[in-house]
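Written out below as C-alpha cells is the structure these notes cover.
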Amino acid sequence: MTNWARATLTIPAEHVDAANRLARIFDPDTGGAETFGVCALSPTGEAPATHYMASTQIKAEYLPVLSDPEQALAALTALADEYGREPPIEADVQAWCDNVVVGTEQPEGLVRIVPEVPAE
Amino acid sequence: MQNLKTVDFGVAFTLTRPAPADYEDKDGNTQTAAANEPRFNYSNGVAQGLLLDASLSETAAIDDVPAFNASAGHWIIDAEFYNSEPLKGMGLDERFSGSGKMVVSYSGGTAKVWAGGQVIYTVEDYTPAEPTHICEGGMATIGGLTYKPSAISDADAAALATGDFEIYEWTPAELFEASQDGAWYDPSDLATLFQDAAGTIPVTGDGDPVGLMLDKSGNGHHASQPTTAAKPVYRTDGMLHWIESDGIDDQLVSGANVDLSDPAYTFYVAAKGIAGSSNQVLSSDQSANRKAAIQISSDATLRVLDRSDSLILLDVENDNLASFVAALRHNSDGKRIRLNGTDQPFQSANTNVRGVGDSIAVPLNGAQLIYGAVVINRTMADQECAELDGYLAKKAGVTLS
Numbered sequence: 001m002t003n004w005a006r007a008t009l010t011i012p013a014e015h016v017d018a019a020n021r022l023a024r025i026f027d028p029d030t031g032g033a034e035t036f037g038v039c040a041l042s043p044t045g046e047a048p049a050t051h052y053m054a055s056t057q058i059k060a061e062y063l064p065v066l067s068d069p070e071q072a073l074a075a076l077t078a079l080a081d082e083y084g085r086e087p088p089i090e091a092d093v094q095a096w097c098d099n100v101v102v103g104t105e106q107p108e109g110l111v112r113i114v115p116e117v118p119a120e
Numbered sequence: 001m002q003n004l005k006t007v008d009f010g011v012a013f014t015l016t017r018p019a020p021a022d023y024e025d026k027d028g029n030t031q032t033a034a035a036n037e038p039r040f041n042y043s044n045g046v047a048q049g050l051l052l053d054a055s056l057s058e059t060a061a062i063d064d065v066p067a068f069n070a071s072a073g074h075w076i077i078d079a080e081f082y083n084s085e086p087l088k089g090m091g092l093d094e095r096f097s098g099s100g101k102m103v104v105s106y107s108g109g110t111a112k113v114w115a116g117g118q119v120i121y122t123v124e125d126y127t128p129a130e131p132t133h134i135c136e137g138g139m140a141t142i143g144g145l146t147y148k149p150s151a152i153s154d155a156d157a158a159a160l161a162t163g164d165f166e167i168y169e170w171t172p173a174e175l176f177e178a179s180q181d182g183a184w185y186d187p188s189d190l191a192t193l194f195q196d197a198a199g200t201i202p203v204t205g206d207g208d209p210v211g212l213m214l215d216k217s218g219n220g221h222h223a224s225q226p227t228t229a230a231k232p233v234y235r236t237d238g239m240l241h242w243i244e245s246d247g248i249d250d251q252l253v254s255g256a257n258v259d260l261s262d263p264a265y266t267f268y269v270a271a272k273g274i275a276g277s278s279n280q281v282l283s284s285d286q287s288a289n290r291k292a293a294i295q296i297s298s299d300a301t302l303r304v305l306d307r308s309d310s311l312i313l314l315d316v317e318n319d320n321l322a323s324f325v326a327a328l329r330h331n332s333d334g335k336r337i338r339l340n341g342t343d344q345p346f347q348s349a350n351t352n353v354r355g356v357g358d359s360i361a362v363p364l365n366g367a368q369l370i371y372g373a374v375v376i377n378r379t380m381a382d383q384e385c386a387e388l389d390g391y392l393a394k395k396a397g398v399t400l401s
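Residue numbers (our numbering), protein chains in the order written: chain A, 1 to 120; chain B, 1 to 401.
This is the structure in C-alpha cells:
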C-alpha cells in the first residue's frame, strides 16, 4: 500500500487554470487537469465562486513541498520528466505556492456553492 | 401419497405441483406428468430420480419418518442439488449444490453434513427434528433417500459420503445470467479495484484511492475516475469492505452507458451516510436532471427520488446514519421501494413515475460508504430481491427487518 494522506487544497478562482496545469503534472493518473472546478466556494455560498477546493489523496512525501516554490518546482519538474508530461511553468508554481491553502477541512469563511437541482 | 417401491427411497412423501410438467422416460421420450404427480426422470436410459423444481412450486412433503430417533440418526441422500436445502425442517437451514452421496448425521447435540469423505457443514447446539420436506428451493434430483434411526461413526459417514457438494452461496451474478444489461459493483472483491483508471495499479490495502472498480455483471460497465482528487478510497475494518467518498468531489462513473431503455429497471445499493453530508449514493445520471436516485441528505434522511418529476418516493429518518440496503424497482405498473428487506410505502401519492428511458452512466458518489451496488435493466422478482437483500446486508453488516 502506498503511503497516502488526505488533504484539502483550496485555490483562489483567478489561479484555477494555473492550479489545474500543475495538477495535470502531479496527478499520477490522467485526469489531473480536472482537479479544480468541481467544488466551488464563496464567502456567502452564492455564485460567483471566489475559490475552488479539491479534496484528494496525495502521496505523503509531497505534502511538505506544496507551498514552497523552490521545492515544488523541483518536485514538479521531476514528476513531469517521470510521467513524460510538459514541465511546469515557473509562474504557475509561484502563483500556486503563494495562494494555495493546504489543510484537512474546508477553509473557514468559505461556503460551498451547491449547484441548483430540481426540487426534492 | 406416493409410497415409493420402485426407487431407493426409505420414506414416503406427498408431491405437490400445481401444473403438469415434463420429464424424460427410460426410452428417452418426453412425458408429461399431471399436476401433483411425481416426475422420475431418466437421462439416456439411466434413472436419475425424482425431479423437484422450486420454480414450478414443486414440493415433496415427507409423510412420516419411520422410527424417528430424537437422540441420534443419519440420512443417506443420493442426489443432485442446485441451491436447494436438503431435509427441510430438520434444522440444517443451509442450501447446497453438487451431486452424489451426502450423509447427514446427528447425535450429541450436533448435526453434520458429510460429502467428499469429510464434514462440510456443522450445526452446533442441534435439536433433532423430523424434516418436513425432502428438500426446499432451487432444483434437485433425488436418486435415493434413506433414514436410519441410529448413530453413525465418523469413519462410516466419511466412507459413505462420496458425493461432491458445497454450500450454495448466491451472488448477484445470477441476476445477469440471461444477459441483461446492468452493473454489479463489489468493493469487497479487491481483484476488482485499481488505484488508476486504466487498471494497472491494484488496490492492496486500506486507504488506497480507487480509480477503477470493475463491473462484475459481465457487462463491462466499469466505474472509473481518472482524477485523483475525485477518487474515493477503499476502506476496510477487516470484516467489512467499502468505498468511501468525501462528499466534495469524489465520484466513480460507469464509462459505458447502462441500457435502461426498458421501462423496467432495478437500483440496489448498500451504503452508510456520513454525518452532515448530502449527496446521491447511486443515481441514474451525472446531471442535475437525474431521473432516479437513492440519496442520503444532510438532515440524516434517506431518500429515494424521482428527480425529473420532483418526487420524493421515500423519505425516512436515519438519525444514527445506520448502514442500509435500499432498492428502487420499476416496471410498467409503477415503482416499488425496499429498505432493509421490506417493501416501503410511497411518500408520494404518484407512484407511476416514468422510467429512466435511455442509456445512462451510473455514478456512485457523495459522502458515503458504499458496500455494494447493483443496477439491472429489468424489474427483479421478489425472491431475487430477498436474495440480494441478504447478500448486500452481509456486505454492509445490516440486519434485515
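Backbone N, C-alpha and C define an ideal beta-carbon position, used for all residues, glycine too.
Worksheet entry | Where the beta strand (DSSP E) containing E101 (chain B) begins and where it ends | Per the sequence shown, residue 101 (chain B) should be read as Lys rather than Glu. K101 (chain B) -> beta strand (DSSP E) spans 96 to 107.
Worksheet item: In terms of alpha-carbon separation, which member of A:R21, A:C97, A:I11 lies closest to A72 (chain A)?
Response: A:C97
Item to complete: Report the rounded CA-to-CA distance for I142 (chain A) versus D68 (chain A), giving the unit in angstroms.
Response: No information on residue 142 (chain A) is available, as it lies outside the stretch 1 to 120 that chain A covers here.
Worksheet item: Under 7 Å Cβ-Cβ, which residues of chain B neighbour A54 (chain A)?
Response: A229, D249
Item to complete: Measure the alpha-carbon distance for E169 (chain B) versus R95 (chain B) and round it to whole angstroms.
Response: 8 Å
Worksheet entry | Secondary structure, beta strand (DSSP E): runs of 3+ residues fully inside the stretch 221 to 252 of chain B | Those beta strand (DSSP E) runs which fall completely within the stretch 221 to 252 of chain B and span 3+ residues are 233 to 236, 241 to 244.
Worksheet item: Do the stretch 103 to 110 of chain A and the stretch 26 to 34 of chain B meet, that is, are 3 or more Cβ pairs less than 8 Å apart?
Response: no
Discussion item. I want to know whether the stretch 35 to 46 of chain A touches the stretch 208 to 215 of chain B - three or more CB-CB distances under 8 Å.
Written reply: With the cut-off at 8 Å, the stretch 35 to 46 of chain A and the stretch 208 to 215 of chain B do not touch.
Worksheet item: In or out: M53 (chain A) buried (at least 16 other Cβ within 10 Å) or exposed?
Response: buried
Fill in: is_contact[Q71 (chain A), chain B] using C-beta, thresh 8 Å
no
Discussion item. Rounded to the nearest angstrom, what separates V101 (chain A) and V16 (chain A) at their Cα positions?
Written reply: 13 Å
Worksheet item: Going along the stretch 28 to 40 of chain A in order, which residues come within less than 7 Å of chain B, judged by CB to CB distance?
Response: Listed in sequence order: P28, D29, T30, G31, G32, E34, T35, V38, C39.
Practice prompt. Examine the ligand SAH and report whether any of its heavy atoms sits within less than 7 Å of the Cβ of Q48 (chain B).
Written response: With respect to small molecules bound, the structure shown includes none, and the ligand SAH cannot be examined in it.
Item to complete: For the alpha helix (DSSP H) containing P66 (chain B), list its first residue and its last residue.
Response: Premise fails: P66 (chain B) is in no alpha helix (DSSP H) and is neither H nor E.
Fill in: Within-8 Å CB hit, D164 (chain B) to chain A
Closer than 8 Å: no.
Worksheet item: For P128 (chain B), which residues from the same chain have a beta carbon less than 6 Å from its beta carbon, with the 5 sequence-adjacent residues on both sides left out?
Response: Same-chain partners within the cutoff: A70, Y106.
Discussion item. Our contact map puts V119 (chain B) next to L92 (chain B) with C-beta atoms below 8 Å; I'd like the distance itself, whole angstroms only.
Written reply: Between L92 (chain B) and V119 (chain B) the Cβ distance is about 13 Å, and since that is not below 8 Å, they are no contact.
Worksheet item: Under 7 Å Cβ-Cβ, which residues of chain B neighbour W4 (chain A)?
Response: Going along chain B in sequence order, the residues near W4 (chain A) (Cβ under 7 Å) are G207, D208, P209.
Worksheet entry | Proximal residues to L240 (chain B) (C-beta, below 8 Å), its chain only, five neighbours per side dropped | S188, Y371, K395, A396, G397
Worksheet item: Which chain B residues sit within Cβ distance under 7 Å of Q57 (chain A)?
Response: P209, T228, K231, V233
Practice prompt. Could you have a look at F9 (chain B) and say whether DSSP puts it in helix, strand or coil?
Written response: In the structure shown, F9 (chain B) sits in a strand (DSSP, three-state: E or B).
Discussion item. Helix, strand or coil, according to DSSP, for L22 (chain A) in the structure here?
Written reply: Helix at L22 (chain A).
Practice prompt. Kindly indicate which residue of A:L22, A:R6, A:T35 has the alpha-carbon position closest to the one of Q94 (chain A).
Written response: A:L22
Discussion item. In the DSSP assignment, the alpha helix (DSSP H) including K395 (chain B) goes from what residue to what residue?
Written reply: 382 to 396
Discussion item. Just to make sure I have the definition right: I need the residues of chain A whose C-beta is within less than 8 Å of the C-beta of D246 (chain B). Which are they?
Written reply: Per Cβ cutoff of 8 Å: R6, S55.
Worksheet item: When the distance is taken between beta carbons, is N20 (chain A) closer than 8 Å to A5 (chain A)?
Response: no
Worksheet entry | Contacting residues, own chain, Cβ-Cβ under 7 Å from E86 (chain A) (five flanking each side not counted) | Here the set comprises A80.
Discussion item. With a threshold of 8 Å between beta carbons, is V102 (chain A) in contact with chain B?
Written reply: no
Worksheet item: Is the stretch 225 to 236 of chain B in contact with the stretch 139 to 151 of chain B, if contact means three or more CB pairs nearer than 8 Å?
Response: no
Practice prompt. Can you pull the chain A residues whose beta carbon is under 8 Å from the beta carbon of A197 (chain B), in chain order?
Written response: Listed along the chain, the chain A residues whose CB falls inside 8 Å of the CB of A197 (chain B) are D29, T30, G31.
Worksheet item: From which residue to which residue does the alpha helix (DSSP H) around V93 (chain A) run?
Response: 90 to 99
Worksheet item: Given a threshold of 16 other Cβ atoms within 10 Å of its Cβ, counted over all protein chains shown, does N352 (chain B) qualify as buried or as exposed?
Response: With a pLDDT of 48 at N352 (chain B), under the threshold of 50, the predicted position of this residue should be treated as unreliable, though the coordinate-derived value follows. That one is exposed.
Discussion item. Any contact between the stretch 368 to 388 of chain B and the stretch 268 to 275 of chain B? By contact I mean 3 or more CB pairs, one from each, below 8 Å.
Written reply: yes
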